[in-house]
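So the structure is just underneath, and the comments pick up after that.
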Amino acid sequence: MIVKRKDGYHVVSETTGRNMGGPYKTRAEALKRLRQVEYFKHNKD
16 MIVKRKDGYH VVSETTGRNM GGPYKTRAEA LKRLRQVEYF KHNKD
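Following this line, the structure appears as structure tokens:
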């Protein structure tokens with residue numbers, strides 16, 4: 016999920032609350048990173 020903090024947008028794990036990227040200046044940049052995380056999470060070999 017994307018969380019807005021005072022230093023920018025962060026991509027945070029919904030289950031553990033761990034930071035998975037950020038801070039990003041725009042929500043669009045954070046959304047791009049979130050899509051990357053989801054892609055690799057579901058495409059493990």
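Taking this note's numbering, I'd label the letters of the sequence shown as residues 16 to 60. Don't be surprised by glycine CBs; every beta carbon is placed ideally from N, CA and C.
First and last residue of the uninterrupted beta strand (DSSP E) at residue i
i, result
"ARG20", "17-20"
Residue i - containing alpha helix (DSSP H), residue span
i, result
"LYS40", "Taken as a continuous stretch (DSSP letters only), LYS40 belongs to no alpha helix (DSSP H), as it is neither H nor E."
Paired residues, beta bridge with residue i - DSSP
i, result
"GLY36", "VAL26"
Proximity below 9 Å, CB of residue i to CB of residue j
i, j, result
"GLY37", "ARG48", "yes"
Coarse secondary structure for residue i, derived from DSSP in three states
i, result
"LYS56", "helix"
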